[in-house]
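Let me begin by presenting the structure, written as C-alpha coordinates, before commenting on it.
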Amino acid sequence: MQSKDTECDNMVKQVATILCKPKAYDQLSALSKEEAQCTLDFLQDLLDIPYLPAPYKQTFLKVSLKLSRMHSCVPRCLTLSGFKKREGYPFAQGHFGDVWRGWIGRIEVAVKQARVFDINHDNHNKVIQRVIREAMIWRQCDHPNILPFFGVFQDPIIPSYCLVSPFMANGSLPRFLNNTKCPDRYKLALDITQGMLYLHRLGIIHGDLKGENILITEDYRAVITDFGISCVMDVALTSSSRTGGTIRWQAPEVLMSSQNSFPGDVYSLACVYFEVFNESIPWKDINDGAVVLNVVILRQHPPYPRFLESTELGGLWWRLMTRCWTANAQDRPTLPTIMAILHTRDQTSPEWGLRRLRGALIQGEIRVPSGLPRFLSPVGSRTTPLVQDCGSAGASRS
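The opening position of the sequence shown corresponds to residue 1 in UniProt numbering, with each subsequent residue numbered one higher.
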(Lines of atoms letter the chains of each structure in order from A; the text may use other names.)
(Lines give C-alpha, C1' and ligand atoms only; values in the text may rest on other atoms or scores of the structure.)
Protein backbone atom coordinates (compact mmCIF):
# COMPACT_ATOMS: atom_id res chain seq x y z
CA MET A 1 0.00 0.00 0.00
CA GLN A 2 1.41 3.37 -0.99
CA SER A 3 1.92 6.04 1.67
CA LYS A 4 0.09 9.36 1.38
CA ASP A 5 3.45 11.00 0.64
CA THR A 6 4.08 8.69 -2.31
CA GLU A 7 0.51 9.13 -3.57
CA CYS A 8 0.91 12.89 -3.47
CA ASP A 9 4.27 12.78 -5.24
CA ASN A 10 2.89 10.58 -8.01
CA MET A 11 -0.15 12.82 -8.44
CA VAL A 12 2.01 15.94 -8.80
CA LYS A 13 4.21 14.27 -11.43
CA GLN A 14 1.18 12.95 -13.30
CA VAL A 15 -0.55 16.33 -13.45
CA ALA A 16 2.66 18.08 -14.56
CA THR A 17 3.20 15.51 -17.32
CA ILE A 18 -0.34 15.99 -18.65
CA LEU A 19 -0.11 19.78 -18.60
CA CYS A 20 3.24 19.80 -20.43
CA LYS A 21 1.86 17.93 -23.45
CA PRO A 22 1.67 19.97 -26.70
CA LYS A 23 -2.13 19.72 -26.91
CA ALA A 24 -2.70 20.89 -23.34
CA TYR A 25 -3.15 24.54 -24.32
CA ASP A 26 -5.95 23.74 -26.79
CA GLN A 27 -7.61 21.55 -24.19
CA LEU A 28 -7.47 24.33 -21.62
CA SER A 29 -8.98 26.77 -24.13
CA ALA A 30 -11.92 24.47 -24.71
CA LEU A 31 -12.89 24.16 -21.04
CA SER A 32 -16.23 25.39 -19.81
CA LYS A 33 -16.31 28.07 -17.11
CA GLU A 34 -17.11 25.44 -14.47
CA GLU A 35 -14.33 23.10 -15.60
CA ALA A 36 -11.84 25.98 -15.68
CA GLN A 37 -12.77 27.02 -12.15
CA CYS A 38 -12.49 23.46 -10.88
CA THR A 39 -9.09 23.00 -12.54
CA LEU A 40 -7.85 26.33 -11.24
CA ASP A 41 -8.89 25.44 -7.69
CA PHE A 42 -7.12 22.08 -7.94
CA LEU A 43 -3.90 23.60 -9.33
CA GLN A 44 -3.85 26.14 -6.51
CA ASP A 45 -4.07 23.29 -3.99
CA LEU A 46 -1.05 21.72 -5.68
CA LEU A 47 0.81 25.04 -5.67
CA ASP A 48 0.25 25.25 -1.92
CA ILE A 49 2.09 21.98 -1.29
CA PRO A 50 5.13 22.66 0.92
CA TYR A 51 8.52 22.01 -0.67
CA LEU A 52 7.02 21.75 -4.16
CA PRO A 53 10.05 21.77 -6.53
CA ALA A 54 10.41 24.90 -8.64
CA PRO A 55 9.86 23.19 -12.05
CA TYR A 56 6.47 21.84 -10.92
CA LYS A 57 5.57 25.17 -9.34
CA GLN A 58 6.40 27.04 -12.54
CA THR A 59 4.35 24.59 -14.64
CA PHE A 60 1.28 24.80 -12.42
CA LEU A 61 1.53 28.59 -12.11
CA LYS A 62 1.93 29.18 -15.85
CA VAL A 63 -1.13 27.01 -16.54
CA SER A 64 -3.06 28.75 -13.78
CA LEU A 65 -2.24 32.13 -15.28
CA LYS A 66 -3.51 30.96 -18.68
CA LEU A 67 -6.73 29.66 -17.17
CA SER A 68 -7.35 32.83 -15.18
CA ARG A 69 -6.71 34.96 -18.29
CA MET A 70 -8.96 32.85 -20.53
CA HIS A 71 -11.86 32.66 -18.11
CA SER A 72 -11.39 35.78 -15.90
CA CYS A 73 -11.50 33.83 -12.66
CA VAL A 74 -9.31 33.19 -9.62
CA PRO A 75 -9.02 30.18 -7.32
CA ARG A 76 -11.95 30.26 -4.91
CA CYS A 77 -9.60 29.96 -1.93
CA LEU A 78 -8.33 33.46 -2.71
CA THR A 79 -11.70 35.13 -2.25
CA LEU A 80 -12.19 37.07 0.98
CA SER A 81 -15.21 38.92 2.32
CA GLY A 82 -16.13 41.26 5.14
CA PHE A 83 -13.71 44.10 4.44
CA LYS A 84 -14.51 47.22 6.47
CA LYS A 85 -12.83 50.51 5.62
CA ARG A 86 -11.22 52.48 8.42
CA GLU A 87 -11.68 55.87 6.73
CA GLY A 88 -13.74 57.21 3.88
CA TYR A 89 -10.66 57.99 1.81
CA PRO A 90 -7.61 56.00 0.64
CA PHE A 91 -4.36 56.39 2.57
CA ALA A 92 -2.26 56.00 -0.58
CA GLN A 93 -2.72 56.60 -4.29
CA GLY A 94 -0.73 55.80 -7.40
CA HIS A 95 -1.00 55.23 -11.13
CA PHE A 96 -2.52 51.81 -10.37
CA GLY A 97 -5.34 53.12 -8.18
CA ASP A 98 -6.06 53.54 -4.47
CA VAL A 99 -5.01 51.73 -1.30
CA TRP A 100 -7.52 51.58 1.55
CA ARG A 101 -6.90 50.78 5.19
CA GLY A 102 -9.34 48.65 7.13
CA TRP A 103 -10.08 45.29 8.69
CA ILE A 104 -11.13 41.80 7.76
CA GLY A 105 -12.30 40.36 11.04
CA ARG A 106 -9.78 41.52 13.64
CA ILE A 107 -6.86 41.72 11.23
CA GLU A 108 -5.80 45.14 9.97
CA VAL A 109 -5.28 45.04 6.23
CA ALA A 110 -4.45 47.19 3.22
CA VAL A 111 -6.69 46.79 0.18
CA LYS A 112 -5.33 47.80 -3.21
CA GLN A 113 -8.12 48.81 -5.57
CA ALA A 114 -7.38 49.29 -9.26
CA ARG A 115 -8.67 52.54 -10.71
CA VAL A 116 -11.20 52.02 -13.52
CA PHE A 117 -12.15 55.12 -15.49
CA ASP A 118 -14.76 53.56 -17.78
CA ILE A 119 -16.43 50.31 -16.71
CA ASN A 120 -17.92 49.87 -20.20
CA HIS A 121 -14.62 50.15 -22.02
CA ASP A 122 -12.19 47.40 -22.99
CA ASN A 123 -9.78 49.02 -20.56
CA HIS A 124 -11.92 47.66 -17.72
CA ASN A 125 -11.26 44.07 -18.79
CA LYS A 126 -7.55 44.81 -19.14
CA VAL A 127 -7.47 46.23 -15.62
CA ILE A 128 -9.24 43.17 -14.23
CA GLN A 129 -6.85 40.85 -16.06
CA ARG A 130 -3.85 42.69 -14.64
CA VAL A 131 -5.24 42.50 -11.09
CA ILE A 132 -5.97 38.78 -11.49
CA ARG A 133 -2.47 38.18 -12.82
CA GLU A 134 -0.89 40.04 -9.92
CA ALA A 135 -3.02 38.08 -7.46
CA MET A 136 -2.08 34.74 -9.01
CA ILE A 137 1.68 35.46 -8.97
CA TRP A 138 1.69 37.09 -5.53
CA ARG A 139 -0.29 34.22 -4.00
CA GLN A 140 2.49 31.74 -4.74
CA CYS A 141 5.13 33.69 -2.82
CA ASP A 142 5.87 32.69 0.76
CA HIS A 143 9.07 34.23 2.08
CA PRO A 144 10.05 36.50 4.99
CA ASN A 145 11.01 39.28 2.58
CA ILE A 146 7.91 39.15 0.38
CA LEU A 147 4.80 40.94 1.64
CA PRO A 148 2.18 38.26 2.41
CA PHE A 149 -0.86 38.10 0.17
CA PHE A 150 -4.14 37.35 1.92
CA GLY A 151 -6.48 37.15 -1.07
CA VAL A 152 -8.88 39.13 -3.26
CA PHE A 153 -11.92 41.14 -2.29
CA GLN A 154 -14.61 41.89 -4.87
CA ASP A 155 -15.82 45.46 -4.63
CA PRO A 156 -19.66 45.48 -4.62
CA ILE A 157 -19.81 48.93 -6.24
CA ILE A 158 -17.16 48.66 -8.98
CA PRO A 159 -17.03 45.17 -10.55
CA SER A 160 -13.34 44.54 -9.96
CA TYR A 161 -11.00 42.55 -7.76
CA CYS A 162 -9.09 44.25 -4.94
CA LEU A 163 -5.84 42.84 -3.50
CA VAL A 164 -5.64 42.29 0.27
CA SER A 165 -2.41 42.27 2.29
CA PRO A 166 -1.39 43.15 5.87
CA PHE A 167 -1.20 46.85 6.67
CA MET A 168 2.37 48.09 7.16
CA ALA A 169 2.39 51.01 9.60
CA ASN A 170 6.03 51.89 8.82
CA GLY A 171 5.16 52.49 5.19
CA SER A 172 7.50 52.34 2.23
CA LEU A 173 11.29 52.15 2.26
CA PRO A 174 11.80 55.86 1.36
CA ARG A 175 9.36 56.98 4.05
CA PHE A 176 11.00 54.76 6.66
CA LEU A 177 14.51 55.99 5.80
CA ASN A 178 13.42 59.63 5.96
CA ASN A 179 11.69 59.15 9.33
CA THR A 180 14.28 56.94 11.06
CA LYS A 181 17.51 57.96 12.72
CA CYS A 182 20.38 55.58 11.98
CA PRO A 183 18.43 52.80 10.22
CA ASP A 184 20.21 49.46 9.73
CA ARG A 185 20.85 49.98 6.04
CA TYR A 186 22.84 46.80 5.59
CA LYS A 187 20.03 44.68 7.04
CA LEU A 188 17.46 46.36 4.80
CA ALA A 189 19.62 45.88 1.68
CA LEU A 190 20.19 42.23 2.56
CA ASP A 191 16.45 41.69 3.18
CA ILE A 192 15.65 43.03 -0.28
CA THR A 193 18.37 40.89 -1.85
CA GLN A 194 17.03 37.73 -0.19
CA GLY A 195 13.51 38.53 -1.37
CA MET A 196 14.71 38.96 -4.95
CA LEU A 197 16.74 35.75 -4.76
CA TYR A 198 13.57 33.92 -3.76
CA LEU A 199 11.59 35.41 -6.66
CA HIS A 200 14.24 34.56 -9.24
CA ARG A 201 14.48 30.99 -7.96
CA LEU A 202 10.75 30.70 -8.63
CA GLY A 203 11.32 32.04 -12.15
CA ILE A 204 9.55 35.33 -11.33
CA ILE A 205 10.80 38.58 -12.86
CA HIS A 206 9.55 41.48 -10.71
CA GLY A 207 9.90 44.12 -13.42
CA ASP A 208 9.27 47.21 -11.24
CA LEU A 209 11.63 47.00 -8.28
CA LYS A 210 12.02 50.37 -6.52
CA GLY A 211 11.87 51.81 -3.04
CA GLU A 212 8.16 52.61 -3.16
CA ASN A 213 7.47 48.91 -3.85
CA ILE A 214 9.27 47.86 -0.68
CA LEU A 215 7.50 48.11 2.68
CA ILE A 216 8.85 47.94 6.22
CA THR A 217 7.38 45.59 8.83
CA GLU A 218 6.82 46.44 12.49
CA ASP A 219 10.15 44.77 13.34
CA TYR A 220 11.94 46.88 10.68
CA ARG A 221 12.42 44.22 8.01
CA ALA A 222 12.02 44.97 4.32
CA VAL A 223 9.37 43.14 2.26
CA ILE A 224 8.88 43.36 -1.50
CA THR A 225 5.45 44.04 -2.96
CA ASP A 226 3.66 45.15 -6.17
CA PHE A 227 3.71 42.32 -8.71
CA GLY A 228 1.53 44.16 -11.23
CA ILE A 229 3.92 43.69 -14.17
CA SER A 230 5.72 40.61 -12.92
CA CYS A 231 5.96 37.50 -15.06
CA VAL A 232 6.87 33.84 -14.71
CA MET A 233 9.68 32.54 -16.89
CA ASP A 234 10.78 29.08 -17.95
CA VAL A 235 14.04 28.02 -16.33
CA ALA A 236 16.02 28.31 -19.59
CA LEU A 237 14.85 31.84 -20.41
CA THR A 238 16.06 35.14 -18.97
CA SER A 239 13.79 37.80 -20.51
CA SER A 240 10.09 38.39 -21.03
CA SER A 241 7.89 40.12 -23.59
CA ARG A 242 6.06 41.87 -20.74
CA THR A 243 6.79 45.58 -20.50
CA GLY A 244 6.63 48.29 -17.88
CA GLY A 245 8.55 49.64 -14.94
CA THR A 246 9.88 53.00 -13.77
CA ILE A 247 12.51 54.78 -15.84
CA ARG A 248 14.96 55.76 -13.07
CA TRP A 249 15.35 52.15 -11.97
CA GLN A 250 15.47 50.54 -15.43
CA ALA A 251 18.49 48.99 -17.11
CA PRO A 252 19.67 50.43 -20.46
CA GLU A 253 18.51 47.41 -22.46
CA VAL A 254 15.09 47.59 -20.78
CA LEU A 255 14.81 51.29 -21.61
CA MET A 256 15.61 50.47 -25.25
CA SER A 257 13.50 47.32 -25.71
CA SER A 258 11.02 47.56 -22.84
CA GLN A 259 11.51 43.84 -22.17
CA ASN A 260 11.88 42.99 -18.52
CA SER A 261 14.48 40.38 -17.56
CA PHE A 262 16.39 38.81 -14.68
CA PRO A 263 19.48 40.98 -15.40
CA GLY A 264 17.14 43.98 -15.58
CA ASP A 265 15.93 43.15 -12.07
CA VAL A 266 19.57 43.02 -10.91
CA TYR A 267 20.18 46.52 -12.32
CA SER A 268 17.06 47.78 -10.52
CA LEU A 269 18.23 46.10 -7.32
CA ALA A 270 21.42 48.18 -7.38
CA CYS A 271 19.27 51.29 -7.81
CA VAL A 272 17.37 50.27 -4.68
CA TYR A 273 20.71 49.82 -2.89
CA PHE A 274 21.40 53.43 -3.91
CA GLU A 275 18.11 54.48 -2.29
CA VAL A 276 19.02 52.62 0.89
CA PHE A 277 22.49 54.16 1.15
CA ASN A 278 21.71 57.62 -0.23
CA GLU A 279 18.13 58.27 0.97
CA SER A 280 17.09 59.57 -2.44
CA ILE A 281 15.85 58.20 -5.73
CA PRO A 282 18.41 57.65 -8.51
CA TRP A 283 19.12 60.73 -10.63
CA LYS A 284 16.92 62.93 -8.43
CA ASP A 285 18.17 66.22 -9.95
CA ILE A 286 17.39 65.48 -13.61
CA ASN A 287 14.27 64.67 -15.62
CA ASP A 288 13.39 61.32 -17.18
CA GLY A 289 14.72 62.29 -20.60
CA ALA A 290 18.12 63.12 -19.15
CA VAL A 291 18.09 59.83 -17.23
CA VAL A 292 17.64 57.91 -20.48
CA LEU A 293 20.49 59.89 -22.05
CA ASN A 294 22.81 59.17 -19.12
CA VAL A 295 21.99 55.47 -18.90
CA VAL A 296 21.55 54.45 -22.55
CA ILE A 297 23.88 56.77 -24.45
CA LEU A 298 26.52 57.87 -21.94
CA ARG A 299 26.38 54.58 -19.99
CA GLN A 300 26.66 56.33 -16.66
CA HIS A 301 25.40 55.13 -13.29
CA PRO A 302 24.43 56.96 -10.06
CA PRO A 303 27.28 58.34 -7.91
CA TYR A 304 28.77 56.93 -4.72
CA PRO A 305 25.99 57.02 -2.06
CA ARG A 306 26.51 59.54 0.71
CA PHE A 307 25.80 57.13 3.59
CA LEU A 308 27.80 54.18 2.27
CA GLU A 309 31.11 55.32 3.78
CA SER A 310 29.74 54.95 7.29
CA THR A 311 28.66 51.34 6.74
CA GLU A 312 30.73 48.22 7.21
CA LEU A 313 32.15 46.79 4.01
CA GLY A 314 31.21 49.96 2.13
CA GLY A 315 33.78 49.30 -0.56
CA LEU A 316 32.40 45.81 -1.14
CA TRP A 317 28.90 47.16 -1.55
CA TRP A 318 30.04 49.84 -4.00
CA ARG A 319 31.90 47.32 -6.16
CA LEU A 320 28.80 45.13 -6.14
CA MET A 321 26.57 48.03 -7.18
CA THR A 322 28.80 48.99 -10.08
CA ARG A 323 28.87 45.38 -11.28
CA CYS A 324 25.05 45.33 -11.19
CA TRP A 325 25.02 48.54 -13.27
CA THR A 326 27.24 47.10 -16.00
CA ALA A 327 25.85 48.11 -19.41
CA ASN A 328 26.11 44.57 -20.81
CA ALA A 329 23.30 42.63 -19.16
CA GLN A 330 25.13 39.30 -19.43
CA ASP A 331 28.03 40.66 -17.35
CA ARG A 332 25.86 41.44 -14.34
CA PRO A 333 25.95 39.04 -11.40
CA THR A 334 22.98 36.77 -10.76
CA LEU A 335 21.19 36.82 -7.42
CA PRO A 336 23.00 33.67 -6.18
CA THR A 337 26.31 35.34 -7.08
CA ILE A 338 25.30 38.49 -5.24
CA MET A 339 24.51 36.47 -2.13
CA ALA A 340 27.87 34.73 -2.42
CA ILE A 341 29.63 38.11 -2.61
CA LEU A 342 27.84 39.13 0.61
CA HIS A 343 28.63 35.88 2.41
CA THR A 344 30.75 37.60 5.07
CA ARG A 345 27.65 38.74 6.96
CA ASP A 346 24.91 36.82 8.75
CA GLN A 347 22.19 35.78 6.29
CA THR A 348 19.87 34.03 8.74
CA SER A 349 16.27 34.48 7.67
CA PRO A 350 14.17 36.42 10.20
CA GLU A 351 11.18 34.80 11.84
CA TRP A 352 8.12 35.65 9.83
CA GLY A 353 5.47 36.74 12.30
CA LEU A 354 3.01 37.73 9.57
CA ARG A 355 2.70 34.16 8.29
CA ARG A 356 0.26 33.34 11.08
CA LEU A 357 -2.03 36.12 9.85
CA ARG A 358 -2.20 34.53 6.41
CA GLY A 359 -3.10 31.19 8.00
CA ALA A 360 -5.89 32.86 9.95
CA LEU A 361 -7.51 34.01 6.72
CA ILE A 362 -6.75 31.21 4.25
CA GLN A 363 -7.58 27.62 5.10
CA GLY A 364 -8.17 24.51 3.05
CA GLU A 365 -6.88 21.08 2.17
CA ILE A 366 -5.67 19.32 -0.94
CA ARG A 367 -8.49 17.47 -2.70
CA VAL A 368 -8.84 15.80 -6.06
CA PRO A 369 -12.24 17.12 -7.19
CA SER A 370 -14.68 15.12 -9.27
CA GLY A 371 -15.29 17.99 -11.69
CA LEU A 372 -11.91 18.00 -13.41
CA PRO A 373 -12.03 17.99 -17.24
CA ARG A 374 -11.75 14.70 -19.11
CA PHE A 375 -8.15 15.16 -20.26
CA LEU A 376 -7.20 15.18 -16.56
CA SER A 377 -9.33 12.08 -15.93
CA PRO A 378 -6.41 9.87 -14.80
CA VAL A 379 -6.15 12.24 -11.86
CA GLY A 380 -9.81 13.09 -11.57
CA SER A 381 -10.76 9.43 -11.25
CA ARG A 382 -9.67 9.57 -7.62
CA THR A 383 -12.47 10.16 -5.17
CA THR A 384 -10.61 10.07 -1.85
CA PRO A 385 -9.37 13.48 -0.67
CA LEU A 386 -5.72 13.81 0.21
CA VAL A 387 -5.10 15.14 3.69
CA GLN A 388 -3.55 18.56 4.05
CA ASP A 389 -0.08 17.45 5.18
CA CYS A 390 0.53 15.14 2.24
CA GLY A 391 2.37 18.06 0.62
CA SER A 392 5.49 17.32 2.61
CA ALA A 393 6.16 14.21 0.55
CA GLY A 394 9.75 13.11 0.25
CA ALA A 395 10.07 13.47 -3.52
CA SER A 396 8.35 16.83 -3.35
CA ARG A 397 11.13 18.34 -1.28
CA SER A 398 13.66 20.61 -2.91
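Every residue, glycine too, gets a C-beta built ideally from N, C-alpha and C.
- Taking 8 Å as the cut-off, the beta carbon of Gly-195 is found closer than this to the beta carbon of Ile-146.
- Looking from the CA of Phe-277, the closest CA among Phe-176, Gly-102, Ile-247, Pro-90 belongs to Phe-176.
- Secondary structure note for Cys-324: its alpha helix (DSSP H) is the uninterrupted segment 314 to 324.
- Burial check for Ile-104: the Cβ neighbour count within 10 Å reaches 16 or more, so the residue is buried.
- Membership of Glu-275 in the alpha helix (DSSP H) is indicated by the continuous run 262 to 278.
- Taken atom to atom, the span from the alpha-carbon of Ser-64 to that of Gly-314 is near 43 Å.
- Separation of Lys-284 and Val-295 (C-alpha to C-alpha, rounded to the nearest whole angstrom) is 14 Å.
- Taken through DSSP and simplified to helix, strand or coil, Lys-57 comes out as helix.
- Beta-bridge analysis with DSSP links Leu-163 to Lys-112, Val-152.
- Taking the C-beta atoms as reference points, Leu-209 is found nearer than 8 Å to Leu-269.
- In this structure Pro-22 is exposed. Its beta-carbon is surrounded by fewer than 16 other beta-carbon atoms within 10 angstroms.
- Contact fails between the segment 221 to 229 and the segment 246 to 255, because fewer than three Cβ pairs, one in each stretch, are under 8 Å apart.
- At a Cβ-Cβ threshold of 8 Å, Val-266 and Arg-201 do not count as neighbours.
- Taking the Cα of Arg-69 as reference, the smallest distance to any Cα among Lys-126, Phe-96, Lys-57 is reached at Lys-126.
- Sixteen is the threshold: since fewer than 16 other Cβ atoms of the shown chains lie within 10 Å of the Cβ of His-343, the residue is exposed.
- Contact annotation, Cys-77 with Gln-44: C-beta distance approximately 6 Å; criterion of less than 8 Å satisfied.
- If you draw a 10 Å sphere on the C-beta of Leu-293, you find fewer than 16 other C-beta atoms in it, and that means exposed.
- Contact between the segment 182 to 191 and the segment 214 to 224 is present, with at least three C-beta pairs closer than 8 Å.
- Straight-line measurement puts the Cα of Leu-372 at about 13 Å from the Cα of Ala-30.
- According to the DSSP assignment, Lys-85 belongs to the beta strand (DSSP E) that extends over 83 to 85.
- The alpha-carbon of Glu-7 is positioned some 41 Å away from that of Ile-216.
- With fewer than 16 other Cβ atoms inside 10 Å of its own Cβ, Arg-306 counts as exposed.
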